[in-house]
Every structure is written in structure tokens, then in C-alpha cells.
Amino acid sequence: MTGHPQDGGTAVARGTVELDPREALRLLASVEYGRVVFTHQALPAIRVVNHLVDGGRVIVRTRLTATVSTVVRLSSGAGVVVAYEADDLDPRRRAGWSVVVTGWATTITDPDQIARYEQRLRPWVNMTMDTLIAIRPEIVTGVRILDDTTQS
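Going by the working numbering, the sequence shown opens with residue 7, and the numbers climb by one from there.
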């Protein structure tokens, strides 16, 4: 019997394939939303944001008053370490992919870059999104979860 374990079915083991960093960034660029993970009051915090990938950096748009903006803005010039995760998982096929980028986040302050990214990265919620953050990846990992039609 197959199906979702919560529905009384048994889980079918899925094969996985590790993604190389280039493929992982390509997949990350193919979706609009992800989760930024940062430290807040010595604990991990996660926020959903929209993003784009440009020149190997992950660019996110948020609010100046958002916790993630405050944490990044108050960091030293080198930035603050964050993780960024995005995925495309099909719950019916129980297959897809997940990518995690770990790196240094800094606030974008260059007026030309701000203008460029504000045009390309529109707010996704009905709020003022007045801050742009760039994540410079140090570690890029990803995994593809295979379904029955893609397993060998």
C-alpha cells in the first residue's frame, strides 16, 4: 500500500541526488519565495521573503523595521551570517528539490543597486518594503528528491 503515512498509507522511500552549487543556484533563481534564517536574541528565527538571484548573490526585499533588517543593519561591515532556504516540493508526487544557501548578509546601500532591485523585486505583501539585503553565499547545498518516474 502506498499513500501518505498520516492517511494510513505507507511511505515509499525516495531516492535523492545532491545538487552541485551551480544547479542549486539555478533552481533557487526559478522560484520567488524562500525563508531567511537568522539569529534573534541568541535563537534561530525564520521569515518568509521574496528573492531573486543576481551575480551569485541572493537579494531579498523587506521592511526597515523587520527584525531581519535590524539584525543585518546592526551587524559589523562584514555582515551577519544567515541561511536562506527555498524549495519546490510536490506533495502529491512527494518529490522536488530544496536548496540552502549559507553566507553573509549585508544591507544594500548603493543607490544604483537599490533602484535596480526595487524594479526587479516587487513587494509580495501589502506593506512598505524599503530595505534590500544581499546574501553572499559561502556554502550552497541542495538535494533533489526523486519520484518513481525519475529513480533508476
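All residues carry an ideal CB built from backbone N, CA and C; glycine is no exception.
query = Taking the alpha carbon of D26 as the point to measure from, which residue in R20, L34, L138 has its own alpha carbon closest?
reply = L34
query = What is the DSSP secondary structure of I52, reduced to helix, strand or coil?
reply = strand
message = As a quick exercise: from T68, V54, E29, A89, pick the residue whose alpha carbon is nearest that of E144.
response = A89
request  = Return the first residue and the last residue of the alpha helix (DSSP H) that L34 is part of.
outcome  = 27-35
query = Mind checking whether L127 and L31 have CB atoms under 7 Å apart?
reply = no
request  = Measure the Cβ-Cβ separation of A92 and V105 and say whether it is below 7 Å.
outcome  = yes
key: Reduced DSSP secondary structure (H/G/I, E/B, other) of D118   = helix
Buried/exposed call for L49, threshold 16 Cβ in 10 Å = exposed
Selection from E38, W110, G102 that minimises the alpha carbon distance to R142 = W110
task = Counting only the same chain and skipping the five closest in sequence on each side, list residues whose C-beta sits under 8 Å from that of I120.
result = I114, L138
query = How big is the Cα-Cα spacing for R100 and R20?
reply = 8 Å
request  = Quick one: grab the DSSP three-state call for E167.
outcome  = Not covered by the structure: residue 167. The range shown for the chain is 7 to 158.
query = Anyone know if the C-beta pair for V3 and E29 falls short of 7 Å?
reply = The displayed coordinates of the chain run from 7 to 158. Any statement about residue 3 would go beyond what the structure contains.
ask   = Which one or two residues does DSSP pair with G148 in a beta bridge?
value = V105
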